[in-house]
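Residue numbers (this note's numbering), protein chains in the order written: chain Y, 1 to 304; chain Z, 1 to 494. Each residue gets a CB set at the ideal place from its N, CA and C atoms; glycine is no exception. Predicted model only: the values in this text are computed from it and were never measured.
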Amino acid sequence: MFKMSEYSFVAGLLATGLALIVYLLAFASLRLARSRTAYAGAGGPALGNAAMPTVTVTSGTTRGGLGTYATIITWLAFVFLTAALIFRAIHTGHGPFANMYEFSIAFAWGTLGGYLYFERKYRQRVLALVALPVALAMMLYATTIPATAEPLVPALQNNLLLTVHVAVAIIAYGTFSVAFGAAVLHLVQPATGRRGLPRPELLDEISYRAVVIGFPFLTLVIVLGAVWADVAWGSYWSWDPKETASLVTWLIYGAYLHARVVRGWRGNKAALLLVLGFAATLFTYFGNLFFGGLHSYSGLNNNN
Amino acid sequence: MSAQNPTVHRAASDPLDELDGGLAIAPGEVLERVWHLFISMRFGLLLMLVLALLTLVGTMLVQVPAGMKGDPQAYVQWIDGVRPKYGGWTNVLDALGFFDIFNSLVFKAVAIFLVTSTVACSVNRAPLLWKQTTKPRMNVSDAFFAHAPHRAALDVPQDGSEAAAQVVAALRSKGYRTLTQTTGDGAIHVYADRFRWAPFGTVVAHLSLVPIILGAMIGGSMGFKNTDFVLPIGTKTDVGAGTSLSVMATSFTDRYYADTGQPADYASDLVLYDGGRQVAAQTIRVNEPLRYGDVTFYQSFFGPAAEIKVADAGGRVTWDAGVPLRWGTNDELERAGVFPLPDSNLTVVVYGAQSGRQDPDIKAGQVRIEAYQGVADFPSASQKMVDSKVVDQGKPASIAGLTFTFVREQQFTGLIVAKDPGAPFVWFGAALLFLGVCVVFFFHNRRIWAIVHGRAGGSSVSVAAVVRHDVTYRQEFEQLIDGVRASLGAGTVA
Ligand code: HEM
């Protein structure tokens, strides 16, 4: 099972890399075609036509195939990662919460899943140009960590709660990756939009839809974390750096939800909050590396 | 949009701003100003971001350990310890309370302001939401039908009431609730909504902060948490902190992974007494605490202990209990435990060899016992050592005129004892928060208005909807209109 998990992971990694390349090619060829046909549209896409995506890589007859292939490869990567996680869970007997290796694969899985969900819904393949690198980076990071499964320390032996906690976190992080992708695409273009990229309003919408899923899930992550802390450490909240960082993330996304309805905060500023929120997400995620382990024990338990 | 309109955050183009009237504001200039500040989204936004920033500072800066806060001397020492890291900033950060930021005035003030602002927003908005939900406005202006973000106009052959009935049927088939009203001019007004209670999810999410912060305050003022409750095996120990509880660990077991040597499991068998009467007995381990009322006992750490017996010159036993060897010595070769000896003027320190270390002084099966003049929980530098001896297990030795016996090696178990009467409030609030957030986001409130005017040879139907920030609603709306059109066999779309 361990070997199977490793193979699936590597396959997932390669597929994601390949998918990213194909997306890049699809996008580049689309732009090329656009400039060649000297697109003389009447000043860009009409604003009122809200549901019409600006970039539909599938739409072109010749290049269309490329985008579709990219999607198929991404699905394949997603399936490989799913298999990797399942095989590993069978091997270790628990969910992917015991170390950064497991959790990084899960993070990448969540990002791919989030992206694919939003691709189906909004057909904006450009998002892949941000979301896939995030997933890829997570997987590359995972390759730097020993994959061996260590037995669980007692505090982590709360299987059900932790598995749910992490599963929910992965969904939240996956959607935040998508929101981040849309926010980046929003920030790189002027308010009036740039040809070849989705309209700012549509990106705004995608981000919002993503956060609308992510925010309740992040809330649940924090609440479940508090339940676990209460059972294992004697208080639901102890300002542990990891909890604290997740609170920062929650506050930033909370601020984002409200910023969207404050005049002067819509658009770029809201998108900036999403970038900050994702930075906070990563900070929470990699927090362990800066702060040392989770809650520190009294230090005596390993001196016996 | 009037200055008192509570929906100031809405898009300027949002015609519902006209639809939903403002609210009366409490009198009093200052009060009114404060109120306006607190219901302003901009202020709320600022508070959230400032709180996020302060919290971030708390994760970046080392925070003073709980145990040192009450002890000014230890605190000064701790500050000096972090001085090399923060240099000249140390005093500034200290003065700002940033080394204990979550208990600092700034942090508490911002948190309380945020909760107040959140509640104010809800209090401000709730009546309006209530009105919208229970008594939705039936008559909307023609301007609304002409400018709403989602709108359609159809000319249909049916007469007014037939057309209205079809519109209602189409809306119902999509799960809408509909209300119909005919006005004096013969126009038929249709109002339809879905998930009309969903906006109250926001109110629930907002108000949930109140029990959470209340619970935190109750826990902070009426609870306690002892993270360092050490129990030698077989010795009954009072919990203290205003409780009548005492607890005894009757045994302790630990298990290790063979390959890594990491602890796999450790557990204590606890017996709990309230006022001397046994009230509970349970094996506790990490993730399986013993709960009694609002006091909880958690397995936290463990370590070696030495059972020591002391008899005075007359042979009377004045001490016979395990001494937890809780502290490591600086050279990391030995571990030490301390106890004040009853009926004497002595503090006794027991040293054992650190496991796995070769100590030149203390061999396996030995401890060193030092007796200091004066009674203390921990010998201070000013206390004079009276006597010291390395003793073998089971062999009585004379130290400071008393007979000490190292009976046997033992273990101690370290517990966290916590009482938090505020926790139920926090759990209640957390549940509300999650519930509220889910309701807002997973049940989309929809409101649609339609008006049917009869005219010669048919009627004209206008449909319009306002949906905040939801581009995808267009599709849903168009499907709805297509449905209406199909059932009416309608032609032109204006
Ligand atoms: C940490 C504190 C807060 C939390 C968890 C919170 C939560 C929420 C949530 C989940 C929504 C729904 C957002 C959406 O539909 O996109 C919301 C909406 C809203 N919040 Fe908050 N909020 C907080 C603080 C505040 C504050 C301080 C204010 C006012 C100053 C405020 C005013 C509002 C208003 C007016 C809405 C309704 C927007 C609308 O539906 O028109 N909130 N809040």
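The beta carbon of residue 216 of chain Z sits closer than 7 Å to the beta carbons of 422, 426 from its chain, once the five residues preceding and following it are set aside; these are given in chain order. A straight-line Cα-Cα distance of about 23 Å links residue 376 of chain Z and residue 247 of chain Z.
Residues 274, 275 of the same chain have their beta carbon placed closer than 8 Å to that of residue 244 of chain Z, with the five preceding and five following residues left out of the count. Restricting attention to Z:140, Z:154, Z:157, the CA atom closest to the CA of residue 183 of chain Z is found in Z:140. For residue 220 of chain Y, the Cβ stays outside the 7 Å cut-off from all heavy atoms of the ligand HEM.
Legend: CB atoms of the stretch 287 to 300 of chain Z lying less than 9 Å from CB atoms of chain Y belong to residues 287, 288, 289, 296, 297, 298, 299, 300. Taking 8 Å as the cut-off, the beta carbon of residue 466 of chain Z is found no closer than this to the beta carbon of residue 167 of chain Z.
Assigned with DSSP and collapsed to three states, residue 300 of chain Z falls in strand. A distance below 6 Å between beta-carbons, with the five flanking residues on each side excluded, links residue 157 of chain Z to the following residues of its chain, in chain order: 458. Restricting attention to beta strand (DSSP E) runs no shorter than 3 residues, the stretch 96 to 166 of chain Z encloses them at 150 to 156, ordered along the chain. Scanning its chain for C-beta atoms nearer than 7 Å, with the 5 sequence neighbours on each side dropped, one finds around residue 378 of chain Z the residues 338, in chain order. Here the stretch 98 to 114 of chain Y makes contact with the stretch 143 to 154 of chain Y; the two share three or more CB pairs at distances below 8 Å. Of all residues in the stretch 88 to 102 of chain Y, none places a beta-carbon less than 8 Å from a beta-carbon of chain Z. One alpha carbon belongs to residue 189 of chain Z, the other to residue 163 of chain Z, and they sit about 11 Å apart. For residue 250 of chain Y, the enclosing alpha helix (DSSP H) begins and ends at 241 to 259. Within its own chain, the residues whose Cβ lies closer than 6 Å to the Cβ of residue 213 of chain Z, once the five positions on either side in sequence are excluded, are 115, listed in chain order. DSSP places residue 221 of chain Z within a helical segment (H, G or I) once states are collapsed to three. Burial check for residue 130 of chain Z: the Cβ neighbour count within 10 Å stays below 16, so the residue is exposed. Under DSSP, residue 93 of chain Z forms no beta bridge with any residue. The beta-carbon separation of residue 221 of chain Y and residue 165 of chain Y, rounded to 6 Å, stays under the 8 Å limit for a contact.
In this structure, residue 322 of chain Z lies away from residue 311 of chain Z, with their beta-carbon atoms at least 8 Å apart.
With a contact defined as Cβ atoms closer than 8 Å, residue 302 of chain Z and residue 229 of chain Z miss out at about 12 Å. For the pair residue 444 of chain Z and residue 204 of chain Z, the Cα-to-Cα distance works out to about 16 Å. Beyond the five residues adjoining it in sequence on each side, residue 181 of chain Z comes within less than 7 Å, by CB distance, of 138, 189 in the same chain, given in chain order. Under the Cβ criterion (8 Å, minimum of three pairs), the stretch 225 to 234 of chain Y does not count as touching the stretch 84 to 92 of chain Z.
Counting of Cβ neighbours within 10 angstroms places residue 15 of chain Y among the buried residues, the total reaching 16 or more.
Linking residue 71 of chain Y to residue 214 of chain Y through their CA atoms gives a straight-line distance of about 23 Å. Cβ atoms of residue 334 of chain Z and residue 408 of chain Z stay farther apart than 8 Å, at about 18 Å. Straight through space, the alpha carbons of residue 46 of chain Z and residue 113 of chain Z are spaced by roughly 11 Å. Within the stretch 199 to 219 of chain Y, the residues whose Cβ lies closer than 7 Å to some Cβ of chain Z are 201, 202, 205, 208, 212, 215, 216, 219, listed in chain order. With respect to the 8 Å criterion, residue 109 of chain Y and residue 74 of chain Y are not classified as neighbours on the basis of their beta carbons.
The beta carbons of residue 53 of chain Z and residue 98 of chain Z sit no closer together than 8 Å. When the beta-carbon positions are compared, residue 252 of chain Y and residue 287 of chain Y stay at least 8 Å from each other.
Taking a 10 Å sphere around the C-beta of residue 371 of chain Z, we find 16 or more other C-beta atoms and assign the residue as buried.
Look at the stretch 101 to 132 of chain Z: the residues with a C-beta under 8 Å from a C-beta of chain Y are 102. Taking 8 Å as the CB threshold, residue 225 of chain Y stays off the interface with chain Z.
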